[in-house]
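**Student:** Please see the structure below; I have some questions.
Written as structure tokens, this is what we have:
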């Protein structure tokens, strides 16, 4: 009888942990982390350009942008080849910048990109990037410090170039800067209405107590 009771308690504990993991994976519980750049909220899922624009139009949002990371990118110039590199989105909003510009200027078109300082690419170089049979190319117009959260990234590409390199796949991660941290819960409710359900959400550590 004692053994059976013990097994029952263990089974209940395992089920409870499993339920928590499921809830956490699908947005049912709140998660906090030190988010890169100035992001207050990061959404993970599959977001269309229209959904990103509608999220940006919400009254609680100061800035909203797709902020993806692509892995296993082959990077080539006339003098070097970098295999299985990581590239990030070069966001436009100053509030969401992962890395400070240290040389040159920001990318102004999809044919321009930013090199990460110390990772091999040089200002003014023509760079070709390929991934899963798709490719983009552009000129390095600026150099940035190593990005927060992804210090091993090689380059930052404008959103249009990232989309082509990813095969026009939906945006996988969206970074959000709120107008006021006290509006985090209101933003979450409004985002659910835009997206038709609860996305996986991570809040910056500074929002503990506001959500």
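Numbering (the numbering used here), first residue to last: -9 to 201.
Backbone N, C-alpha and C define an ideal beta-carbon position, used for all residues, glycine too.
#1: Mind checking which residues open and close the beta strand (DSSP E) that includes residue 213?
#2: Looking only at DSSP bridge pairs, what is residue 32 linked to?
#3: Quick one: what does DSSP say residue 12 is sitting in, helix, strand or coil?
#4: Excluding five sequence neighbours on each side, which residues of the same chain lie with their C-beta closer than 6 angstroms to the C-beta of residue 34?
#5: Check the C-beta distance from residue 109 over to residue 157 and give it rounded, since I have them as a contact under 8 angstroms.
#6: Tell me which same chain residues have a C-beta within less than 7 angstroms of the C-beta of residue 86, skipping the five on either side of it?
#7: Since residue 124 sits in a beta bridge, which residues does DSSP pair it with?
#8: Which class does residue 197 belong to by DSSP, given the choice of helix, strand or coil?
#9: Does DSSP put residue 176 in a helix, a strand or coil?
#10: Helix, strand or coil: how does DSSP classify residue 85 here?
#11: In whole angstroms, what is the alpha-carbon distance linking residue 44 and residue 148?
**Tutor:** Taking the structure as given:
#1: Nothing about residue 213 can be reported from this structure: the residues present for the chain run from -9 to 201 only.
#2: In the DSSP output, where bridge partners are listed per residue, residue 32 has 165 and 192.
#3: Interpretation of residue 12 is limited by its pLDDT of 32, a score under 50 that renders its predicted location unreliable; the figure taken from the coordinates is listed afterwards. For residue 12, the secondary structure class from DSSP, reduced to helix, strand or coil, is helix.
#4: Within the same chain, residue 34 has close Cβ partners 163 and 190.
#5: Not confirmed; about 24 angstroms, so no contact.
#6: These residues qualify, in order along the chain: 27, 28, 29, 53, 55, 57, 165 and 167.
#7: In the DSSP assignment, residue 124 is bridged to 121.
#8: The answer is helix: DSSP assigns residue 197 an H, G or I state.
#9: In the structure shown, the three-state DSSP call for residue 176 is helix.
#10: Note: residue 85 maps to helix in three-state DSSP.
#11: Each residue's alpha carbon lies about 20 angstroms from the other.
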